[in-house]
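The structure appears right after this line, and notes come after that.
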Amino acid sequence: MLETDLLATRIATAQRDGLARSKTVIPAGPFTGMLTEGGHPMASYAVATEPGERVTDLADSVEVLRAAFPPGLLRFELIEQASPGAADLLIAAGLAVTARIPVMTVDPADVTVPEIPHGVTIQRVTTAGDATAANAVAHIAFGAPGEPGVSGEPGPAESGGSVLARLDGKPVAVAFWSGVADGVAEIAGIATAAEHRRKGLATLVTAYAVRTAAERAGVTLAWLTPGDDGAEQVYLKVGFAHVADAIHLGEQH
Numbered sequence: 000m001l002e003t004d005l006l007a008t009r010i011a012t013a014q015r016d017g018l019a020r021s022k023t024v025i026p027a028g029p030f031t032g033m034l035t036e037g038g039h040p041m042a043s044y045a046v047a048t049e050p051g052e053r054v055t056d057l058a059d060s061v062e063v064l065r066a067a068f069p070p071g072l073l074r075f076e077l078i079e080q081a082s083p084g085a086a087d088l089l090i091a092a093g094l095a096v097t098a099r100i101p102v103m104t105v106d107p108a109d110v111t112v113p114e115i116p117h118g119v120t121i122q123r124v125t126t127a128g129d130a131t132a133a134n135a136v137a138h139i140a141f142g143a144p145g146e147p148g149v150s151g152e153p154g155p156a157e158s159g160g161s162v163l164a165r166l167d168g169k170p171v172a173v174a175f176w177s178g179v180a181d182g183v184a185e186i187a188g189i190a191t192a193a194e195h196r197r198k199g200l201a202t203l204v205t206a207y208a209v210r211t212a213a214e215r216a217g218v219t220l221a222w223l224t225p226g227d228d229g230a231e232q233v234y235l236k237v238g239f240a241h242v243a244d245a246i247h248l249g250e251q252h
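So for the sequence shown, numbering that gives the first Met the number 0 puts the first residue at 0; every next one is plus one.
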């Protein structure tokens, strides 16, 4: 197996194991449904049951999952190199590709940490107040509806965490890492306040999130999926490399 395929399999396995801690698990042959009860539909999807194994037969897996998911909302999030054959079979079964996204990885030991700009401080979020501030930055930056909520005390770093950058004391950028499984964590929710973009803050918080996750939570492999080509360029500066491809599939409407 190619090294990139091994990385893809390791990520998909860690993703499956990490999701299973907080989701309702629906076994369905080559796929496993991960349901978030009462949550946003995008928070529920199916992943590979045995990453690294070729999928040659869907059997009744799609029917089982359709029965478990809300009508018309069955989704799959797979890493193509870790589930060879799966996408073609799902397309033949009536699912449609909704996204193809690069999967990028970095060994925390190889991260390039940029110099901190004048007036900027960055720290791991360890209090409810800082967590509320961090979530507010992400909420507004991503254009989420409604008002940002109040956050509770952060849990242990192994269960996920974040770093928050401030400019002259004002929260301006944030990056999160997921719960850790087998030394693997996803870096996500990288956000910068609109008025402070293009100043290198996304690069800064991404690098610090990886380094902090390694130091505090034992992460040995960090991964992420860039939202666009511009974001990919930011992550390349940190040391991430494109090693695999995520493919998302959903019901046709």
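Heads up, the beta-carbon is just placed ideally off N, CA and C, and yes, glycines get one too.
Bear in mind that the values here come from a model prediction, so they are computed numbers and not experimental data.
Per the Cβ contact rule, the stretch 97-117 is not in contact with the stretch 141-159 (fewer than 3 Cβ pairs under 8 Å). Restricting attention to VAL46, VAL124 and THR35, the CA atom closest to the CA of ALA27 is found in VAL46. For the 9 Å CB-CB criterion, VAL124 and VAL171 do not form a contact.
In this structure, the beta-carbon distance from ALA19 to PRO50 does not fall below 9 Å. Looking at the backbone, the Cα of GLN232 and that of GLU250 are separated by about 32 Å.
If you draw a 10 Å sphere on the C-beta of ALA66, you find fewer than 16 other C-beta atoms in it, and that means exposed.
With contacts defined by Cβ atoms closer than 9 Å, LEU77 and LEU248 form a contacting pair. In the three-state DSSP reduction, HIS247 falls in the strand class (E or B). Under DSSP, ALA174 forms a beta bridge with VAL162. Burial is judged here by how many other beta carbons sit within 10 angstroms of a residue's own beta carbon; ALA98 has fewer than 16 and is exposed. One Cα belongs to GLY118, the other to HIS195, and the distance between them is close to 13 Å. THR23 and LEU57 have their alpha carbons spaced roughly 21 Å apart. Following the DSSP letters along the chain, one finds ALA132 in no beta strand (DSSP E) but inside the alpha helix (DSSP H) bounded by residues 127-140.
Just measuring C-alpha positions, the residue of ALA42, PRO70 and GLY84 sitting nearest ARG53 is GLY84. For THR23, the enclosing beta strand (DSSP E) has its first and last residue at 23-27.
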